[in-house]
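Asks: This structure is in structure tokens; I'll ask about it shortly.
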Amino acid sequence: MTKRPMYLQHVNVYVRNVERSKKWYEELLGLHVYEYRPGWAAFLSADQEQSHEVALMQLGDDAPLQSKGQVGLNHMAWRLESLDDLKEFYGRIKAQGQPIERIIDHGISLGIYLRDPDGNGVEVFYEMPRAEWPVDYNIFTREKTGTGRFPGPWDAEIGRSDSPARRPAAAE
Numbered sequence: 003m004t005k006r007p008m009y010l011q012h013v014n015v016y017v018r019n020v021e022r023s024k025k026w027y028e029e030l031l032g033l034h035v036y037e038y039r040p041g042w043a044a045f046l047s048a049d050q051e052q053s054h055e056v057a058l059m060q061l062g063d064d065a066p067l068q069s070k071g072q073v074g075l076n077h078m079a080w081r082l083e084s085l086d087d088l089k090e091f092y093g094r095i096k097a098q099g100q101p102i103e104r105i106i107d108h109g110i111s112l113g114i115y116l117r118d119p120d121g122n123g124v125e126v127f128y129e130m131p132r133a134e135w136p137v138d139y140n141i142f143t144r145e146k147t148g149t150g151r152f153p154g155p156w157d158a159e160i161g162r163s164d165s166p167a168r169r170p171a172a173a174e
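When the count follows my numbering, it moves up by one through the sequence shown with no breaks and lands on 174 for the last residue.
Pasting the structure below:
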């Protein structure tokens with residue numbers, strides 16, 4: 003293959019109410035709105051050098067919600083620069099009373115999984131620099147990467163055996 007994509011530029015997500023969803027992505031994630039068309043769409047980005055990283059497209063209040071386990075987008079992931087940034091973000095999630103679906107230590111990264119107002123999956127995560135990964139292959143195999151590299155305020159949520167954060171890897 004001579005050419006390949008540079009990176010994933012954006013995802014386009016259907017929502018019932020674009021105003022409600024735009025507000026959630028702005029207030030919780032801190033995304034910048036480049037364009038908002040009431041009743042139709044919002045184009046938002048964390049990287050202000052990009053036109054948009056997520057487009058929210060309104061379908062209407064009667065649009066069916068996705069079902070658990072249906073084929074389609076599982077979640078979009080927003081990377082934070084440092085573990086301290088993830089700790090600060092975790093505090094913001096808690097302060098706003100946003101439910102956390104699960105928190106997973108992937109060995110090379112720690113992800114906090116949420117749902118937007120329409121149930122779309124959203125992950126905020128920190129990933130170790132590539133030079134610090136313990137292996138070059140099977141990077142999500144916990145037996146090879148280990149866990150416990152990301153201590154923080156979420157420790158109790160990961161450590162409880164009844165916590166959704168303890169779901170098996172297949173559920174990720």
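Note that the Cβ used here is the ideal one computed from N, Cα and C, for glycine as well.
#1: Quick check: the region 12-26 against the region 118-129, are there 3 or more CB pairs under 8 Å?
#2: Find the nearest neighbour of T147 within the set A79, G109, G154, judged by alpha-carbon distance.
#3: State the Cα-Cα distance for the pair E103 and D49, rounded to the nearest angstrom.
#4: Given a threshold of 16 other Cβ atoms within 10 Å of its Cβ, counted over all protein chains shown, does Q98 qualify as buried or as exposed?
#5: Sort G150, W80, I141 by Cα distance to L116 and report the nearest one.
#6: Do L75 and A57 have their beta-carbon atoms positioned less than 9 Å apart in this structure?
#7: Would you call L1 buried or exposed, if buried means 16 or more other Cβ atoms sit within 10 Å of its Cβ?
#8: Please list the segments of the beta strand (DSSP E) lying wholly inside the region 56-116, counting only runs of 3 or more residues, in order along the chain.
#9: Since L33 sits in a beta bridge, which residues does DSSP pair it with?
#10: Could you compute how far the alpha carbon of D157 sits from the alpha carbon of D107?
#11: Taking I160 and I105 to be in contact with their CB atoms under 8 Å, please state how far apart those CB atoms are, rounded to whole angstroms.
#12: Kindly indicate which three-state DSSP category S53 falls into: helix, strand or coil?
Replies: With the given structure in hand:
#1: Yes: at least three Cβ pairs fall under 8 Å.
#2: The residue with the shortest Cα to Cα distance from T147 is G109.
#3: Using only the alpha carbons, I get a separation of about 25 Å.
#4: When all chains shown are included, Q98 counts as exposed.
#5: When each option's Cα is compared against that of L116, the closest is W80.
#6: Going by beta carbons, A57 and L75 fall outside the 9 Å limit.
#7: The chain is shown from 3 up to 174; residue 1 falls before or after that span and cannot be answered.
#8: Runs of beta strand (DSSP E) with 3 or more residues, each lying fully within the region 56-116, are found at 56-60, 77-81, 104-107, listed in chain order.
#9: BP columns for L33 are empty, so no partner.
#10: Just so you know, the alpha carbons of D157 and D107 end up roughly 10 Å apart.
#11: At roughly 5 Å, the Cβ-Cβ gap stays under 8 Å, so I160 and I105 are in contact.
#12: Correct three-state label for S53: coil.
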